Amino acid sequence: MLFPRTNIEQQLGKLRDKECNASTWKEQVHKVFLKEEKHENQILKNLETSSHIVQNTFDLDHVETHRIYHLDQIKKICITYRLRFLDATYFKGKLPLSAVSAIKNLEKKHQTELKGFKIIAPSKLFKLENADDPLLFAPMGNDYFYLVHKWGNDLHPLRKFMMWFFKSLENLLILTFLVSLLLTFMVPEGMFTKHSTTSTFIMILFFMFKSVVAVVLFYGFALGKNFNTAIWDSTYFNA
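Under our numbering, the first residue of the sequence shown is numbered 678, with each subsequent residue one higher.
Right under this line is the structure:
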């Protein structure tokens, strides 16, 4: 062969030695890693520390408008899907490395230190004080929030429908009535009387309705459950 094969490792080494001082290369790399580690530790500290920061400074030239949401929009989604919007310090789920990387990249891009993080997630993912799809936000001010990162699985397609019944007392009564109606139809014909009549059906329906209401009230008071409109931004388990 007239020409020897090219050794990429050797070429990389030559380029590195040409651009950097070989005697201090190890120290330079070490400094970079220390700087990145310090940055990541500060991010984790900001995530774990409760903060009253209501505004972060963003470079408007680098803001992605599709990531900006108003508090009213967040509230509606939380109520619809029975989610909570709380400080990141209450989050007990495992924060992925991709979230920390997203924060780090955003801070570098906007030349700022982000604080006051908030997360949208189901109640079970928060460490709530006793009195499947997390989204991490940073406050921009004036009730606007910037979506920093999203991870985990999407919500179940039927969650919106299932949680509709828990939005308000009226919705819950509709669910109670439907369950009572279903149970009434399941009662065998002639179980209470020889002949089925409209009055008998109404009597059984009324009995079923009272029974279901009793179960709902017991479940609600015993476990401290509340409606979506009351819990979306509450830090209390039994709010």
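The beta carbon of each residue, even a glycine, is placed where N, CA and C say it ideally should be.
Note that this is a predicted model, so its numbers are computed, not measured.
(request) Quick one: measure Cβ to Cβ for arginine 761 and alanine 815, integer angstroms, because I've assumed they're closer than 8 angstroms. (result) No, arginine 761 and alanine 815 are not in contact; Cβ-Cβ is about 17 angstroms, not under 8 angstroms.
(message) What does the Cβ neighbour count give for arginine 759, buried or exposed, with the cut at 16 atoms within 10 Å?
(response) buried
(message) If distances are taken between C-alpha atoms only, which option among Ser876, Asp738, Pro811 and Lys792 comes closest to lysine 769?
(response) Pro811
(message) In the DSSP assignment, the alpha helix (DSSP H) including glycine 690 goes from what residue to what residue?
(response) 685–696
(request) Pick helix, strand or coil for arginine 682, following the three-state DSSP scheme. (result) coil
(message) Between which two residues does the beta strand (DSSP E) holding leucine 763 run?
(response) 761–764
(message) Strictly by DSSP, which residues pair up with histidine 619?
(response) Because residue 619 is not part of the residues shown, which for the chain are 678 to 916, the question remains open.
(request) Can you grab the Cα-Cα spacing for the pair phenylalanine 710 / asparagine 718, in whole Å? (result) 12 angstroms
(message) Rounded to the nearest angstrom, what separates histidine 739 and asparagine 819 at their Cα positions?
(response) 19 angstroms
(request) With distances taken Cα to Cα, identify the nearest neighbour of threonine 757 among Leu748, Phe862 and Met839. (result) Met839
(message) Please return the same chain residues whose Cβ sits closer than 7 angstroms to the Cβ of methionine 744, not counting the five positions on each side in sequence.
(response) Here residue 744 turns out to be arginine, not methionine, going by the sequence shown. Only Tyr823 and Leu824 meet the Cβ criterion.
(message) What would DSSP say about histidine 729, mapped onto helix, strand or coil?
(response) coil
(message) Between which two residues does the beta strand (DSSP E) holding lysine 795 run?
(response) 795–798
(request) Determine the closest residue to lysine 801 out of Lys786, Leu849 and Lys771, with distance taken between C-alpha atoms. (result) Lys771
(request) Hey, could you find the ends of the alpha helix (DSSP H) histidine 787 is sitting in? (result) 774–787
(request) Check each candidate in Thr766, Arg693, Asp736 and Lys887 and name the one with the smallest Cα separation from threonine 726. (result) Thr766
(message) Does the structure place the segment 848–863 close enough to the segment 878–892 that three or more beta carbon pairs sit under 8 angstroms?
(response) yes
(message) Beta-carbon within less than 6 angstroms of serine 873's beta-carbon, same chain only, minus the 5 sequence neighbours each way: which residues are those?
(response) Glu866
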